[in-house]
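S.K.: In the working numbering, the protein residues as written are 22 to 685.
Below is a structure I'd like to ask you about.
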Amino acid sequence: MIVETGHFALILALLVAITQGIVPLIGAHRRDANLMAVAAPAAVVQFLMVALAFGALTYAFVTSDFSVLNVAKNSHTAKPLLYKISGVWGNHEGSMLLWALILAIYGAAIALFGSNLRPSLKVRVLSVQALIAIGFFLFILLTSNPFERLVPAPEQGNSLNPLLQDPGLAFHPPLLYLGYVGFSITFSFAVAALMEGRVDAAWARWVRPWALAAWGFLTAGIVLGSWWAYYELGWGGWWFWDPVENASFMPWLAGTALLHSAIVSEKRDTLKAWTIFLAIITFALSLLGTFLVRSGVLTSVHAFASDPSRGVFILILLLITIGAAFALFAWRGPALKGVGLFQPVSREGGLLLNNFLLAVAAAAVLLGTLYPLFLDVLDLGKVSVGAPYFNSVFVPIMIPLVLAMGIGPMLNWKRGNMSIVTGRIKLALLVAVLAGFAAWLFIDRASILAAFGMGLAAWLMIATLKELADRIHLFRAPLAKSGRRFLRQPRASWGMTLAHAGLAIGIAGMTASSAWKVENIQMMKIGDSVEVAGFTYQLKAVNQVQGPNYQAMRGIFEVSRGDDFKLILEPEKRVYDSHSQPTTEAAIHPTFFGDLYAVIGDFDEKGGGFVTRIYFNPLVAWMWVGAMVMVLGAGISLSDRRYRIGASTKSRARKAVNKGATTT
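Put into structure tokens, the structure is as follows:
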């Protein structure tokens, strides 16, 4: 009965979304307040219905109701509770329901906390959100019903894919979807603004917190997925340029450009059409990622569906949604002309360069991802586009971007003075050169490119700190006064500083772990030792262990370095009870300078030993720390009061007084 209630609630959510998508739009067009008033309550009811449906599916998974086909395919009574819950979205049908739930959450948030929005804009935003939801509700109900019954019900389920039975993958999809779907709000704001024909500073200020929230969640989701691949797949790497990885990375690049473009629209009343365009493109790339993962065109450990008919439905939805938005943009976009003028050497110019490079980077990743698919569809042969292409194309685009990130915040709005900025960046430039030279001189096998990468990280970090020091007048005013300015810095400024500093830390980690990783693959018998990067690994034992729903072969490595450093690493190779597919659980010991990483493989009967892989990944933890600093920056920025208001109270009061005086 609970399952049927969830199914019925999903149907009601569709009906409510249809009402929310049509009635308020008519009201906004006619300026009928009664019809417009339908939008907010409908958004809340839609959320409650989808939440009820999601709760019903969760209940079916937790109670192991195998009469539900989705539960029978993706759950098992022996699974720990965490993986029973994560099994709700660890499959195509459940993940699409999660997509719809998060879409409804964002809509309800606008309805409940959007009191500062213009009524006509708020209504149109909620209607566009509902129109998007209609497409996904139809997709779920017609092609991907998570509540479909199975008769007769089996006694036991097939269980979740073993690769997904991991804490990292339990939280990775919700975070990723909060980012993906979060950009639907900026898309709705863009379409609503095009309907009104009005884009101003207040609109840009309303858009920024939603874009920032989506960007922060997407950053966290991407990094968590990368971390999972690092320790779960046992290959010692953290990014493979897998098409599904790229599917989440492309909207991240476009969303980063959108964030910076919205700043210019708010501060300088320019780049309006470009900001609208980026809002549409970012959500288009999010939908494209949904298509790639669920269409069956890709084979990946990340992909959920292999039914091409579902992919056709999503492709049609993508074409209708984005096609309509671009048609509206072609009609109304030319009228969105900014009034703010600026010189090329200015903060606006720096942000525009930032946008251009991010857009080119996203296009390069898009080309590398889709090109093999197009060739395959056209029956022109199979081509693999991998890391060599992406590294050779993407990295050169990022170098001028990072250089500009250090200079841009130091430029003035409208017109900058490069001679002044040159004096301000001397220290950062000096430290960057010294860091690069030190890396090349003191690190074995340090290539010029790796040394340049470390210098680039140092450049961005010192330039970011220098910009902060200039803002608080450090060493140019009494220390107490600088301290007060430090504490009074706007939270949005702190967010920028932390985001740039986090990227600098991440660049150092990416460079070091890519350029100086040490890898040893060998066969080891019990008692054998191998030295890797100055550490001695001795295989002490290999034991069979019983997990809650798996059997595992656990290796025990004693790692030593002289007499002062000793530790035990225990990697595992698991085989789950309901699957014959083995999984790898790497043993990792993080240190400040690098990760000690050990993997136990199969037993080689000919050699009488175990295949082992030992890695030393220098500074790899810096990537995770840098990413967490970036997400922290996004969170701090979101707490800035200026993002929660369309115009200050004083400003609104002043306008009211002026209006009253004019009337009198």
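Backbone N, C-alpha and C define an ideal beta-carbon position, used for all residues, glycine too.
Could you tell me which of Pro569, Gln567, Arg595, Thr557 sits nearest to Lys587, measuring between CA atoms?
M.R.: Cα-wise, what sits closest to Lys587 is Thr557.
S.K.: Just to confirm before moving on: does the CB-CB distance between Ala607 and Gly189 stay below 7 Å?
M.R.: No, they are not a contact pair.
S.K.: Could you tell me if Leu31 is buried or exposed, where buried requires 16 or more neighbouring beta carbons within 10 angstroms of its beta carbon?
M.R.: Buried, since its Cβ has 16 or more Cβ neighbours within 10 Å.
S.K.: First and last residue of the alpha helix (DSSP H) that includes Leu240?
M.R.: The question names Leu, yet the displayed sequence has Thr at residue 240. It spans 222-253 - the alpha helix (DSSP H) in which Thr240 sits, taken as one unbroken run.
S.K.: Quick one: what's got a C-beta closer than 8 Å to Ile418's C-beta in the same chain, skipping five residues either side?
M.R.: Excluding sequence neighbours, Ile418 sits near Leu378, Val381, Ala382, Ala385.
S.K.: I'd like the span of the alpha helix (DSSP H) that includes Asp491, first residue to last.
M.R.: Asp491 -> alpha helix (DSSP H) spans 469-492.
S.K.: Go through the stretch 491-573 residue by residue and report every complete run of the beta strand (DSSP E) that reaches 3 residues or more, in order.
M.R.: As far as the stretch 491-573 is concerned, its whole beta strand (DSSP E) runs of at least 3 residues are 539-545, 550-553, 556-567.
S.K.: For Arg582, which residues does DSSP report across the bridge?
M.R.: DSSP lists Phe586 as partners of Arg582.
S.K.: If Ala479 and Ala498 are in contact, beta carbons under 8 Å, what's the gap, nearest whole angstrom?
M.R.: Incorrect: roughly 27 Å between the Cβ atoms, too far for contact.
S.K.: For Pro430, which residues in the same chain have their Cβ closer than 6 Å to its Cβ, ignoring the five residues on either side in sequence?
M.R.: Same-chain partners within the cutoff: Glu488.
S.K.: Which of the three DSSP states is assigned to Ser321 in this structure?
M.R.: Residue confidence is low: Ser321 scores 49 on pLDDT, short of 50, so the model does not pin down where it sits. Its coordinate-derived value is still stated next. Ser321: coil per DSSP, three-state reduction.
S.K.: Enumerate in chain order the residues of its own chain whose CB-to-CB distance from Leu185 is below 6 Å, with the five nearest sequence positions on each side excluded.
M.R.: Hits under 6 Å: Gly111.
S.K.: Straight-line CA distance for Arg436 to Leu617?
M.R.: Approximately 50 Å, taken between the alpha carbons.
S.K.: If the criterion is Cβ atoms closer than 7 Å, does the pair Val149 and Val59 meet it?
M.R.: Contact flag unset, no.
S.K.: Could you give the distance in angstroms between the alpha-carbon of Gly310 and the alpha-carbon of Asp263?
M.R.: Those two C-alpha atoms are separated by around 12 Å.
S.K.: Let me make sure I understand the geometry here. Which of Ala305, Ile577, Ala471 has the alpha-carbon closest to that of Thr342?
M.R.: Ranking the options by Cα distance to Thr342, first place goes to Ala305.
S.K.: What does the alpha-carbon distance come out to for the pair Phe87 and Leu119?
M.R.: Distance between the alpha carbons of Phe87 and Leu119: 20 Å.
S.K.: Near Arg673, which residues of its chain fall below 8 Å by C-beta distance, leaving aside the five closest residues on each side in sequence?
M.R.: Confidence at Arg673 is low in this model, with a pLDDT of 44, below 50, so the placement of that residue is unreliable and no value is reported for it.
S.K.: Note down, in chain order, each residue of its chain lying with its Cβ closer than 6 Å to the Cβ of Asn267, except the 5 sequence neighbours on either side.
M.R.: So the list reads Val386, Thr390, once near-sequence residues are dropped.
S.K.: Closest to Tyr80 by C-alpha separation, out of Leu103, Trp537, Leu394, would be which residue?
M.R.: Taking only the C-alpha atoms, the option nearest Tyr80 is Leu103.
S.K.: Are Gly218 and Arg51 closer than 7 Å when you measure CB to CB?
M.R.: No. Outside cutoff.
S.K.: Terminal residues of the continuous alpha helix (DSSP H) containing Ile418?
M.R.: Start and end: 408-428.
S.K.: Assuming Phe158 contacts Ala77 under a Cβ cut-off of 8 Å, what Cβ separation, rounded to an integer in Å, is found between them?
M.R.: That belief does not hold up - the Cβ atoms of Phe158 and Ala77 are roughly 15 Å apart, past 8 Å.
S.K.: Does DSSP classify Ile577 as helix, strand or coil?
M.R.: Here Ile577 sits in strand by DSSP.
S.K.: Just tell me which of Ile155, His97, Phe613, Val144 has its CA closest to the CA of Leu124.
M.R.: For the residues Ile155, His97, Phe613, Val144, the minimum Cα distance to Leu124 belongs to Ile155.
S.K.: Within the same chain, show all residues whose beta-carbon is closer than 8 Å to that of Lys403, passing over the 5 residues directly before and after it, in chain order.
M.R.: The answer, listed in chain order, is Pro393, Leu396, Asp397.
S.K.: Answer yes if the stretch 234-245 comes into contact with the stretch 196-215, meaning at least three C-beta pairs across the two stretches below 8 Å, and no otherwise.
M.R.: Yes: the two stretches touch, three or more of their Cβ pairs being nearer than 8 Å.
S.K.: How long is the line joining the alpha carbons of Leu152 and Ala223, rounded to whole angstroms?
M.R.: The straight-line gap from Cα to Cα measures roughly 24 Å.
S.K.: Kindly indicate which three-state DSSP category Leu138 falls into: helix, strand or coil?
M.R.: Leu138: coil per DSSP, three-state reduction.
S.K.: Just how far apart, CA to CA, sit His494 and Ser503?
M.R.: Cα to Cα, His494 sits roughly 6 Å from Ser503.
S.K.: Would a C-beta distance cut-off of 7 Å place Ser9 and Thr277 closer than the cut-off?
M.R.: In the structure as shown, the chain starts at 22 and stops at 685, and residue 9 therefore has no counterpart that could be examined.
S.K.: Looking at Ala49 and Val109, is the spacing between their C-beta atoms short of 7 Å?
M.R.: Against a cut-off of 7 Å, the Cβ pair of Ala49 and Val109 comes out as no contact.
S.K.: Expressed to the nearest angstrom, what Euclidean distance is found between the alpha-carbon atoms of Val37 and Pro62?
M.R.: Distance between the alpha carbons of Val37 and Pro62 is about 10 Å.
S.K.: Leaving out five residues on either side along the sequence, give the residues of the same chain with a beta carbon under 6 Å from the beta carbon of Pro175.
M.R.: Cβ neighbours of Pro175 beyond the five flanking positions: Phe87, Ala93.
S.K.: Straight-line CA distance for Ile446 to Thr518?
M.R.: If you take the alpha carbons of Ile446 and Thr518, they lie about 16 Å apart.
S.K.: In the DSSP output, which residue or residues are listed as bridge partners for Val632?
M.R.: In DSSP, Val632 forms a bridge with Met544.
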